[in-house]
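The structure under discussion appears below in the form of structure tokens.
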Amino acid sequence: MSNVIKSFKVVVGEAPTEEDIELKSETISNEVLNEAKEKYKKIILEANKKAESIIDSAHKEYEDHLNEAYEKANSIFEDSKQRGYKEGYNSGVDEGFKKGYTDGYEEGKSEAQKLIDGALKLKEEYIKMRSQLLDETEEDIINLVISIYEKVIYKKVEEDKELIISLVQNGIKDLEIKGKLTIIVSKDDYEIIQENKKLILAEATLIDEVEIRVDNDMNKGDCILETSKGDVDISISNQLEEIKELIISILNNE
Numbered sequence: 358m359s360n361v362i363k364s365f366k367v368v369v370g371e372a373p374t375e376e377d378i379e380l381k382s383e384t385i386s387n388e389v390l391n392e393a394k395e396k397y398k399k400i401i402l403e404a405n406k407k408a409e410s411i412i413d414s415a416h417k418e419y420e421d422h423l424n425e426a427y428e429k430a431n432s433i434f435e436d437s438k439q440r441g442y443k444e445g446y447n448s449g450v451d452e453g454f455k456k457g458y459t460d461g462y463e464e465g466k467s468e469a470q471k472l473i474d475g476a477l478k479l480k481e482e483y484i485k486m487r488s489q490l491l492d493e494t495e496e497d498i499i500n501l502v503i504s505i506y507e508k509v510i511y512k513k514v515e516e517d518k519e520l521i522i523s524l525v526q527n528g529i530k531d532l533e534i535k536g537k538l539t540i541i542v543s544k545d546d547y548e549i550i551q552e553n554k555k556l557i558l559a560e561a562t563l564i565d566e567v568e569i570r571v572d573n574d575m576n577k578g579d580c581i582l583e584t585s586k587g588d589v590d591i592s593i594s595n596q597l598e599e600i601k602e603l604i605i606s607i608l609n610n611e
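With our numbering applied, the sequence shown closes on residue 611, and no number is skipped along the way.
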């Protein structure tokens, strides 16, 4: 099993300037949030259409079953009554009529009840289907919220080259690393980390040596700190996983 510890502390960079805020509003709000609104509308529209279709189908099949029950019960009743008339010629008209009436009523009632029970069961199944659809819609919306958050974070990772520096600095402060530190990053982040190596070393008073290595399998924003106490994964992707769980927990409890 890997001895890499996953750090889930949220990275908070320096306070943005007004120009930064305006830039983020143009690049993120207009693109990501507008896309989110369109996806949200589409999810709700499709859910409503499916729900209406389920309800309409349920009503139609329920009514069809009830009509079938009535017609079948009436047919059985009439058939039994006719049999009673015929039997009445041998055992007396009144007795035959009474027997036909009773047999027809009981048989028709039993068959009708079966069909009605079937219709009610069908209705319950449609109600369950509709409930399941609403649950799936809620899950789609939760996934949409998470998707928006991911896009915002990864857009910031792409635009802010120095974000990886803040990531490392916060990791060093939180973990109180001493002695030698090895920073493993993606090839996309290597140059900026190398340029700021002295800054990292100067701010980390307990560290006397910093080594920087590249892992070609890593993505931009990924970072592992190797220390004498073990390895710590402070990658953006790991922090996102923790935040995803938090978002799902919050939305599911509302």
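Ideal placement from N, C-alpha and C gives every residue a C-beta, glycine not left out.
If you run the structure through DSSP and keep just helix, strand and coil, what is residue 546?
Here residue 546 corresponds to residue number 189 of the sequence shown, with the count starting at 1. Secondary structure of residue 546 (DSSP, three-state): helix.
Residue 528 by DSSP, collapsed to three states: which one?
Here residue 528 is taken as the residue at index 171 of the sequence shown, counted from 1. The answer is helix: DSSP assigns residue 528 an H, G or I state.
Distance, residue 540 Cα to residue 497 Cα:
Along the sequence shown, read from residue 1 onward, the residue named residue 497 stands at position 140. Along the sequence shown, read from residue 1 onward, the residue named residue 540 stands at position 183. Using only the alpha carbons, I get a separation of about 38 Å.
Assign residue 513 to one of three DSSP states: helix, strand, or coil.
On the sequence shown, position 156 is the one that residue 513 refers to. DSSP places residue 513 in helix when its eight states are reduced to three.
Assuming residue 514 and residue 544 are in contact, meaning their beta carbons sit under 8 Å apart, how far apart are those beta carbons, in whole angstroms?
Your numbering for residue 514 matches position 157 in the sequence shown. Your numbering for residue 544 matches position 187 in the sequence shown. In fact, because the Cβ distance is near 15 Å, the residues do not count as touching under 8 Å.
Residues bridged to residue 539 (per DSSP):
As a working note, residue 539 is residue 182 in the sequence shown. 568, 583.
Quick test of your reading: residue 546 and residue 512, contact by CB under 8 Å. State the CB separation rounded to the nearest angstrom.
On the sequence shown, residue 546 is found 189 positions in, with the first residue counted as 1. On the sequence shown, residue 512 is found 155 positions in, with the first residue counted as 1. Actually they do not touch by this definition, with Cβ atoms about 16 Å apart.
So what's residue 588 in DSSP terms, helix, strand or just coil?
Residue numbering aside, residue 588 sits at position 231 when the sequence shown is read from its first letter. DSSP places residue 588 in strand when its eight states are reduced to three.
Given residue 533 as reference, the closest of 589, 516, 553 once Cα atoms are compared:
Locating residue 533 in the sequence shown gives position 176, where the first residue counts as 1. Checked all of 589, 516, 553; the closest Cα to residue 533 is 589.
Write down the C-beta distance between residue 554 and residue 569 rounded to the nearest angstrom, noting that I regard them as a contact closer than 8 Å.
For this step, residue 554 is matched to residue 197 along the sequence shown. For this step, residue 569 is matched to residue 212 along the sequence shown. 6 Å between Cβ atoms; contact.
Please classify residue 579 as buried or exposed, where buried requires at least 16 other C-beta atoms within 10 Å of its C-beta.
Stepping through the sequence shown from its first residue, residue 579 is reached at position 222. With 16 or more Cβ atoms within 10 Å of its Cβ, residue 579 is classed as buried.
Residue from 587, 591, 595 whose Cα sits closest to the Cα of residue 525
Numbered from its first residue, the sequence shown carries residue 525 at position 168. Closest option to residue 525, Cα to Cα, is 591.
Give the secondary structure of residue 449 by DSSP, where H, G and I count as helix, E and B as strand, and everything else as coil.
By 1-based counting over the sequence shown, the position of residue 449 is 92. Caution is warranted here: a pLDDT of 49 is assigned to residue 449, below 50, making its placement in the model unreliable, and the coordinate value is therefore given only provisionally. Residue state, collapsed to three classes: coil.
Less than 8 Å between the C-beta atoms of residue 558 and residue 564, yes or no?
Along the sequence shown, read from residue 1 onward, the residue named residue 558 stands at position 201. Along the sequence shown, read from residue 1 onward, the residue named residue 564 stands at position 207. For residue 558 and residue 564, yes; Cβs fall inside 8 Å.
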